[in-house]
Amino acid sequence: MPERLATEPRIRVDVLLDDADRRSGLLDETFWSLREQPKQISPLWLYDEHGSRLFDRITRLPEYYLTRSERGILRAHAAEIAAAAGADTLVELGSGTSEKTRLLLDALRKEGTLALFAPLDVSREVLLSSAEAVAAHYPGIGVHAVVGNFERHLNSVPAGSPRLLAFLGSTIGNLVPERRERFLGEVAETLEPDDRFLLGIDLVKSPDRIEAAYNDSEGLTETFIRNALTALNRELGSRFDQAAFAFEARWDAAHEWVDIGLRSLRQQTIALPLLEVDVSFAEGEFLRIEVSSKFRRAGIEAELTSAGLRLERWWTDAAGDFALVLARRVR
Numbered sequence: 068m069p070e071r072l073a074t075e076p077r078i079r080v081d082v083l084l085d086d087a088d089r090r091s092g093l094l095d096e097t098f099w100s101l102r103e104q105p106k107q108i109s110p111l112w113l114y115d116e117h118g119s120r121l122f123d124r125i126t127r128l129p130e131y132y133l134t135r136s137e138r139g140i141l142r143a144h145a146a147e148i149a150a151a152a153g154a155d156t157l158v159e160l161g162s163g164t165s166e167k168t169r170l171l172l173d174a175l176r177k178e179g180t181l182a183l184f185a186p187l188d189v190s191r192e193v194l195l196s197s198a199e200a201v202a203a204h205y206p207g208i209g210v211h212a213v214v215g216n217f218e219r220h221l222n223s224v225p226a227g228s229p230r231l232l233a234f235l236g237s238t239i240g241n242l243v244p245e246r247r248e249r250f251l252g253e254v255a256e257t258l259e260p261d262d263r264f265l266l267g268i269d270l271v272k273s274p275d276r277i278e279a280a281y282n283d284s285e286g287l288t289e290t291f292i293r294n295a296l297t298a299l300n301r302e303l304g305s306r307f308d309q310a311a312f313a314f315e316a317r318w319d320a321a322h323e324w325v326d327i328g329l330r331s332l333r334q335q336t337i338a339l340p341l342l343e344v345d346v347s348f349a350e351g352e353f354l355r356i357e358v359s360s361k362f363r364r365a366g367i368e369a370e371l372t373s374a375g376l377r378l379e380r381w382w383t384d385a386a387g388d389f390a391l392v393l394a395r396r397v398r
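Okay, structure coming up:
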């Protein structure tokens with residue numbers, strides 16, 4: 068049974084992923100991913116309390132156009148999205164602080180359909196804070212928060228239809244194609260015929276502009292990525308030496324993604340006592356921490372179709388940097 072945490076009467080919180088489960092899953096994933104080629108670790112290692120604060124700062128950087136572009140589209144088209152969706156429940160996947168979601172909440176409330184907000188996120192603390200803020204700002208709306216992983220717990224979001232499932236921030240770009248295919252298939256299975264899926268995607272553009280978003284002049288992204296090593300050292304008892312790795316975020320034209328991680332500056336072997344394993348790096352070997360895929364309309368439409376979803380509406384910002392896609396289930 069999920070754990071329910073009562074904070075105020077209109078807020079229900081289901082905990083499907085507690086700290087012990089999250090840690091166990093992360094350790095298991097780390098054990099196997101460090102054996103892959105290239106070696107990699109889950110980007111979840113980035114998002115401890117310090118990392119979450121760093122990422123919030125990154126979204127406000129001048130080079131990081133993604134958040135501004137998506138927010139601009141929502142400001143311009145939230146009313147159209149609300150009218151097309153007609154949803155009484157807004158489900159936000161990987162919600163974080165739910166800042167941009169306020170634009171959708173406002174539009175759905177104005178449309179007269181909104182009854183429930185259901186954010187899902189792995190961080191209980193961030194989720195509770197967001198749930199309480201939304202409950203305070205929207206006194207007539209219920210809040211049903213789910214502490215969970217959007218790749219594992221989609222079938223546990225509140226039922227009822229029509230719903231709008233929102234997956235913003237181009238977070239889908241952090242999934243490699245195989246995981247993206249599984250995730251979109253799960254979305255299609257979760258949606259009822261009257262539900263809609265709102266997806267934020269970063270579009271292919273000049274490689275220089277893309278790379279600049281991840282190589283900011285303040286070095287915040289590098290600090291954010293290096294925080295993964297800090298978390299590994301703290302949680303696994305390892306001794307990754309920050310000085311022995313160089314930050315790298317480069318455009319991979321073949322895959323149309325930014326490969327983000329750390330490159331070993333020398334031959335080295337690192338013990339991970341908690342995993343009872345040693346990991347060796349050759350000089351110049353890359354440790355992938357995350358990818359950030361960029362999309363073209365034809366490509367994402369094909370992925371949606373393959374998953375059993377149909378693209379209904381497409382909105383971009385004036386510069387064509389970012390897109391919001393509205394889709395529905397077709398089978």
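The letter at position 241 of the sequence shown is residue 308 when you use my numbering, and the numbering goes up by one with no holes. Backbone N, C-alpha and C define an ideal beta-carbon position, used for all residues, glycine too.
* Indicate whether the contact test is met: 3 or more Cβ pairs, each with one atom in the segment 291-301 and one in the segment 326-335, closer than 8 Å. => Yes, they touch.
* Continuous alpha helix (DSSP H) assignments of at least 4 residues falling wholly in the segment 229-308 -> When DSSP assignments are scanned along the segment 229-308, the uninterrupted stretches of alpha helix (DSSP H) that are 4 or more residues long and fall wholly within it turn out to be 244-257, 274-281, 287-303.
* Asked: When burial is assigned at 16 or more other CB atoms within 10 Å of the CB, is Glu-103 buried or exposed?
  -> Glu-103 should be labelled exposed.
* Asked: How about Ile-108 and Thr-97: are their beta carbons less than 8 Å apart?
  -> With contacts defined as CB atoms closer than 8 Å, Ile-108 and Thr-97 qualify as a contacting pair.
* To do: Report yes or no: do the segment 207-215 and the segment 76-89 share at least 3 C-beta pairs separated by less than 8 Å?
  => In short, these stretches touch, since the Cβ pair count reaches three.
* Given 8 Å as the limit, is there contact between the segment 133-142 and the segment 247-262, that is, 3 or more CB pairs closer than that? -> Taking one beta carbon from each stretch, the segment 133-142 and the segment 247-262 have fewer than 3 pairs nearer than 8 Å; the two do not touch.
* Below 8 Å between beta carbons: does that hold for Glu-379 and Ala-394? -> The answer is yes: Cβ separation under 8 Å.
* To do: Please say whether Ala-280 and Leu-160 have beta carbons closer to each other than 8 Å?
  => Cβ distance not < 8 Å, so Leu-160 and Ala-280 don't count as in contact.
* Asked: Going by beta carbon distance, what residues of the same chain come within less than 7 Å of Ala-255, once the five residues before and after it are set aside?
  -> Closer than 7 Å at Cβ, skipping near neighbours: Ala-374, Gly-375, Leu-376, Arg-396.
* Asked: Who does Gly-209 pair with in a DSSP beta bridge?
  -> According to DSSP, Gly-209 bridges with Leu-183.
* Which of helix, strand or coil DSSP assigns to Ile-108 -> It is coil, neither helix nor strand.
* **Backbone CA spacing between Asn-222 and Gln-334 [nearest angstrom]** => Whole-angstrom Cα-Cα distance: 45 Å.
* **8 Å contact criterion, which Leu-287 and Leu-121 should meet: CB distance rounded** => About 6 Å separates the beta carbons of Leu-287 and Leu-121, which is inside the 8 Å limit, making them a contact pair.
* Local conformation of Ala-73 per DSSP, three classes -> Low confidence applies to Ala-73: its pLDDT is 46, below 50, so where it sits in the model is not reliable, and the reading given next is rough at best. Residue state, collapsed to three classes: coil.
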